[in-house]
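A.B. asks: In this note's numbering, the protein residues as written are 2 to 662.
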């Protein structure tokens with residue numbers, strides 16, 4: 002009897018699955034995702050996806066690509082259990098993984114067949130950075146590009162918020178679902194980077210120094226002054242640059258904010274890298290308040306980046322940068338530099354601000370072509386016939402500030418877990434009901450099948466064939482995405498009508514289920530667990546097999562000690578395929594302490610209790626006492642071989658149990 006887990010005619014294989022008829026689809030983590038490590042050099046990496054055939058459990062392991070760069074998880078190269086309570090074909094779990102660059106292997110296990118393995122080729126635990134500032138942070142303005150990363154371990158998202166020359170204002174901006182890539186030279190480092198600039202080389206240097214992968218995002222915007230950044234904290238403000246450009250509403254700060262709320266919520270972050278100050282030098286006039294204004298404005302930007310993301314100790318690394326050409330002469334601003342140093346050095350007033358590179362001294366032709374913008378990828382010949390390496394130097398200046406001391410002092414923020422979505426077959430249909438986790442006040446459920454096209458906003462959603470995801474957006478707009486959720490397209494040859502498990506006053510559990518139609522059904526197995534993880538089969542019940550009528554089944558579970566038990570029913574097809582119902586918890590009250598078995602009994606009756614039995618009496622059908630005992634034990638054996646066949650009542654204290662011999 003094929004249940005809801007049937008092969009779709011066409012399956013889009015994502016993230017390393019290697020066959021067009023994949024039985025195991027791993028949709029989280031995505032290929033090339035890099036999760037921020039803690040200061041203990043580890044991260045919890047979540048693993049989720051769905052099955053197109055029934056399996057009993059999902060296991061996983063992380064294998065380092067390069068020996069010595071990361072640690073196999075689990076140690077020794079074995080397998081770790083991820084999920085053995087698979088709900089409607091969906092699995093979800095996590096593993097603790099040390100810093101490194103890994104191949105993730107996920108194995109689906111079912112008794113009697115070879116395990117099925119699928120692979121996510123690249124998953125990292127390492128360092129994540131967000132860049133902000135002006136043109137020396139992001140390039141652009143027709144400045145030549147720098148090199149792409151030489152190492153496979155340096156990554157980003159290739160996306161820029163520009164569509165046909167139009168930049169979407171912050172209030173309307175929705176980022177596409179992320180697709181991670183190696184940071185090549187022409188990658189537009191999301192959400193607003195122009196190309197690799199110096200950051201591919203920077204990523205190389207960080208990887209070479211710490212031997213962990215790197216993820217880089219860029220929210221910088223050329224020609225911006227710090228006041229533009231402060232003004233645009235208000236999402237409806239349209240600041241005007243020193244050069245007459247009117248920014249879209251909420252920009253330029255909006256790109257930094259959305260990078261932190263979206264990419265960083267999902268991956269975590271080490272620090273914001275701030276390279277800005279040139280425009281404020283350009284705006285400075287003798288005797289003005291550049292020093293105090295710069296401190297106030299940048300501190301407001303730093304504070305907003307923290308308060309609007311819930312990352313109160315988010316590290317900022319601030320470059321000492323101001324060099325600009327004013328009226329034909331290259332100059333620096335002591336006031337801008339002093340303001341940057343005040344923010345860095347006065348930790349009591351401006352906490353968690355760290356020193357970035359001092360770039361003003363490096364402005365000759367070896368570093369900058371126009372004495373403002375760094376240039377040169379170390380390979381490409383300039384029009385004067387020389388090869389310059391200014392962007393390689395800039396990458397090195399930044400890399401030099403990411404020291405072991407900084408890593409120990411700063412507070413990294415690890416990724417938020419993806420939503421754990423419960424899945425259950427919708428009785429009477431081929432649909433699945435998905436239920437999102439509980440969320441805090443002010444958060445939103447957003448269910449979709451196409452990224453950003455929201456179809457439902459309630460906690461629970463029942464849907465038919467398709468691939469879906471849940472997006473949860475909190476009150477700060479921090480956004481996390483679930484693994485993919487799959488509903489297969491075929492209608493069910495069998496329809497579940499109901500499934501319940503309830504305790505009665507005798508300390509027993511009645512498990513009942515019903516189907517309204519069955520095709521090629523073999524049998525049902527009632528399974529019980531005490532921890533909702535490890536289940537045992539306690540009863541096998543033959544199925545009707547082939548019927549279009551409602552068929553009801555039941556099984557009474559006896560001799561249970563007080564506690565919480567978990568029940569589910571496994572339906573098995575004639576071909577061996579199977580599927581489970583949802584799991585139902587049942588509480589057995591502590592007053593139900595006595596069990597007697599077997600029942601019916603042939604020779605010896607076993608009486609057990611969690612408490613001292615005390616007075617024990619056996620009464621026959623005529624009301625005569627045929628056995629009495631007083632014991633301080635919690636168990637007792639009663640020899641019934643010489644007693645006539647019939648119905649007896651076992652009395653233990655105030656509890657009575659009917660028995661048959």
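All residues carry an ideal CB built from backbone N, CA and C; glycine is no exception.
If you're wondering where the values come from, they're calculated on a predicted model, not measured in any experiment.
#1: Reducing DSSP to helix, strand and coil, say where residue 307 ends up.
#2: Between the alpha carbons of residue 645 and residue 590, how many angstroms are there, rounded?
#3: Judging by CA-CA distance, which residue of 403, 392 and 40 is the nearest neighbour of residue 144?
#4: Where do the N-terminal and C-terminal ends of the alpha helix (DSSP H) with residue 396 fall, by residue?
#5: Between the alpha carbons of residue 229 and residue 285, how many angstroms are there, rounded?
#6: Restricting to runs no shorter than 3 residues, where is the beta strand (DSSP E) found entirely within the stretch 581–643?
#7: Just the Cα atoms here: how many angstroms apart are residue 328 and residue 233?
#8: According to DSSP, simplified to helix, strand and coil, what is residue 104?
#9: Provide the residue(s) that pair with residue 472 in DSSP beta bridges, ordered along the chain.
#10: Measuring CA to CA, which of 223, 51, 201 and 358 is closest to residue 274?
#11: Could you tell me the distance, in whole angstroms, from the CA atom of residue 207 to the CA atom of residue 146?
#12: Are there three or more Cβ pairs, one per stretch, closer than 8 Å when the stretch 277–296 is compared with the stretch 336–349?
#13: Do residue 486 and residue 422 have their C-beta atoms within less than 9 Å of each other?
#14: CB-CB under 7 Å to residue 1, same chain, minus the five flanking residues each way: which ones, in chain order?
#15: Would you report the Cα separation of residue 649 and residue 634, rounded to the nearest angstrom?
#16: In whole angstroms, what separates the C-alpha of residue 526 from that of residue 516?
#17: Does the distance from the CB of residue 153 to the CB of residue 198 come in under 9 Å?
#18: Under 8 Å by Cβ, that's how I've got residue 323 and residue 278 pegged, so tell me the actual separation to the nearest angstrom.
#19: Does DSSP put residue 160 in a helix, a strand or coil?
#20: Quick one, which of 431, 456 and 419 has its alpha-carbon nearest residue 439's?
#21: Rounded to whole angstroms, what's the CA-CA distance from residue 541 to residue 611? Just pull it up for me.
#22: Within its chain, find whatever has a CB closer than 8 Å to the CB of residue 557; leave out the 5 residues flanking it on each side and keep chain order.
#23: For the putative contact between residue 224 and residue 280, defined by C-beta atoms under 8 Å, what is the C-beta separation to the nearest angstrom?
#24: Using DSSP with H/G/I as helix, E/B as strand and the rest coil, what is residue 201?
#25: Assign residue 162 to buried or exposed, taking buried as 16 or more other Cβ atoms, counted over all protein chains shown, within 10 Å of its Cβ.
#26: On a Cα-Cα basis, can you pick out the residue from 55, 43, 643 and 90 that is closest to residue 71?
#27: Name the two residues that bound the continuous alpha helix (DSSP H) containing residue 258.
#28: Given this structure, state the Cα-to-Cα distance separating residue 660 from residue 601, to the nearest angstrom.
#29: Thinking residue 631 and residue 615 are a contact (beta carbons under 8 Å), I'd like their distance in whole angstroms, please.
#30: Going by beta-carbon coordinates alone, are residue 27 and residue 53 separated by less than 9 Å?
#31: Would you say the stretch 106–118 touches the stretch 57–73, given that touching needs at least three Cβ pairs under 8 Å?
#32: Quick one: using the 10 Å Cβ neighbour count with 16 as the cut-off for buried, is residue 360 buried or exposed?
#33: Could you please give the first and the last residue of the uninterrupted beta strand (DSSP E) stretch that includes residue 65?
#34: Quick one, which of 597, 209 and 276 has its alpha-carbon nearest residue 641's?
#35: With DSSP run on the structure shown, which of helix, strand or coil describes residue 461?
#36: Which of helix, strand or coil does DSSP assign to residue 298?
C.D. replies: With the given structure in hand:
#1: By 1-based counting over the chain shown, the position of residue 307 is 306. The answer is helix: DSSP assigns residue 307 an H, G or I state.
#2: Here the question's residue 645 lines up with position 644 in the chain shown. Here the question's residue 590 lines up with position 589 in the chain shown. For residue 645 and residue 590, the distance between alpha carbons rounds to 34 Å.
#3: For this step, residue 144 is matched to residue 143 along the chain shown. Taking residue 144 as reference, the option from 403, 392 and 40 with the minimal CA-CA separation is 392.
#4: Working through the chain shown from its first residue, we reach residue 396 at position 395. Looking at the DSSP string, the run of the alpha helix (DSSP H) that includes residue 396 is 391–401.
#5: Numbered from its first residue, the chain shown carries residue 229 at position 228. Numbered from its first residue, the chain shown carries residue 285 at position 284. The straight-line gap from Cα to Cα measures roughly 15 Å.
#6: 585–589, 595–598, 605–610, 615–620, 626–632 and 636–640
#7: Residue numbering aside, residue 328 sits at position 327 when the chain shown is read from its first letter. Residue numbering aside, residue 233 sits at position 232 when the chain shown is read from its first letter. If I take the Cα positions, the gap works out to 29 Å.
#8: Position 103 of the chain shown holds residue 104. Reduced to three states, the DSSP call for residue 104 is strand.
#9: As a first step, residue 472 must be located in the chain shown, where it is residue number 471. According to DSSP, which records beta bridges pairwise, residue 472 is partnered with 447 and 482.
#10: Taking the chain shown and counting its residues from 1, one reaches residue 274 at position 273. Of the listed residues, the one whose Cα sits closest to residue 274 is 358.
#11: Start at 1 with the first residue of the chain shown, and residue 207 comes out as number 206. Start at 1 with the first residue of the chain shown, and residue 146 comes out as number 145. So the alpha carbons of these two residues sit roughly 20 Å apart.
#12: yes
#13: Reading the chain shown from its first residue, position 485 is the one you call residue 486. Reading the chain shown from its first residue, position 421 is the one you call residue 422. Against a cut-off of 9 Å, the Cβ pair of residue 422 and residue 486 comes out as a contact.
#14: Only positions 2 to 662 of the chain appear in this structure, which leaves residue 1 out of reach.
#15: Here the question's residue 649 lines up with position 648 in the chain shown. Here the question's residue 634 lines up with position 633 in the chain shown. Going from the Cα of residue 649 to the Cα of residue 634 covers about 22 Å.
#16: As a first step, residue 526 is located in the chain shown; it is residue number 525 there, counting from the start. As a first step, residue 516 is located in the chain shown; it is residue number 515 there, counting from the start. If you take the alpha carbons of residue 526 and residue 516, they lie about 14 Å apart.
#17: In the chain shown, counting from the first residue as 1, residue 153 sits at position 152. In the chain shown, counting from the first residue as 1, residue 198 sits at position 197. Cβ atoms of residue 153 and residue 198: not closer than 9 Å.
#18: Working through the chain shown from its first residue, we reach residue 323 at position 322. Working through the chain shown from its first residue, we reach residue 278 at position 277. 4 Å between Cβ atoms; contact.
#19: Within the chain shown, residue 160 is the residue found at index 159, counting from 1. Of the three classes helix, strand and coil, the one that applies to residue 160 here is coil, per DSSP.
#20: Taking the first residue of the chain shown as position 1, residue 439 is located at position 438. Closest option to residue 439, Cα to Cα, is 419.
#21: The sequence position of residue 541 within the chain shown is 540, counting from 1. The sequence position of residue 611 within the chain shown is 610, counting from 1. Taking the straight line from one Cα to the other gives about 28 Å.
#22: Here residue 557 refers to the residue found at position 556 when the chain shown is read from its first residue. The residues are 509, 510, 511 and 512.
#23: Here residue 224 is taken as the residue at index 223 of the chain shown, counted from 1. Here residue 280 is taken as the residue at index 279 of the chain shown, counted from 1. Contact between residue 224 and residue 280 holds: their C-beta atoms lie close to 6 Å from each other, under 8 Å.
#24: Numbered from its first residue, the chain shown carries residue 201 at position 200. Helix.
#25: Counted from its first residue, the chain shown places residue 162 at position 161. By the neighbour-count rule (16 or more Cβ atoms within 10 Å), residue 162 is buried.
#26: Here the question's residue 71 lines up with position 70 in the chain shown. For residue 71, the nearest C-alpha among the options comes from 43.
#27: Start at 1 with the first residue of the chain shown, and residue 258 comes out as number 257. Where residue 258 is concerned, the enclosing alpha helix (DSSP H) stretches over 254–259.
#28: As a position in the chain shown, residue 660 is number 659, starting the count at 1. As a position in the chain shown, residue 601 is number 600, starting the count at 1. When rounded, the distance between both Cα atoms is 6 Å.
#29: Stepping through the chain shown from its first residue, residue 631 is reached at position 630. Stepping through the chain shown from its first residue, residue 615 is reached at position 614. Yes, residue 631 and residue 615 are in contact; Cβ-Cβ is about 7 Å, under 8 Å.
#30: Here residue 27 corresponds to residue number 26 of the chain shown, with the count starting at 1. Here residue 53 corresponds to residue number 52 of the chain shown, with the count starting at 1. The answer is no: Cβ separation not under 9 Å.
#31: yes
#32: Locating residue 360 in the chain shown gives position 359, where the first residue counts as 1. Label assigned to residue 360: buried.
#33: For this step, residue 65 is matched to residue 64 along the chain shown. Residues 58–65.
#34: Position 640 of the chain shown, counted from the start, is the residue given in the question as residue 641. It is 597 whose Cα lies nearest to the Cα of residue 641.
#35: Indexing the chain shown from 1 puts residue 461 at position 460. Residue 461 carries a strand assignment under DSSP once its states are collapsed to helix, strand and coil.
#36: Counting from 1 along the chain shown, the entry for residue 298 is found at position 297. In the three-state DSSP reduction, residue 298 falls in the helix class (H, G or I).
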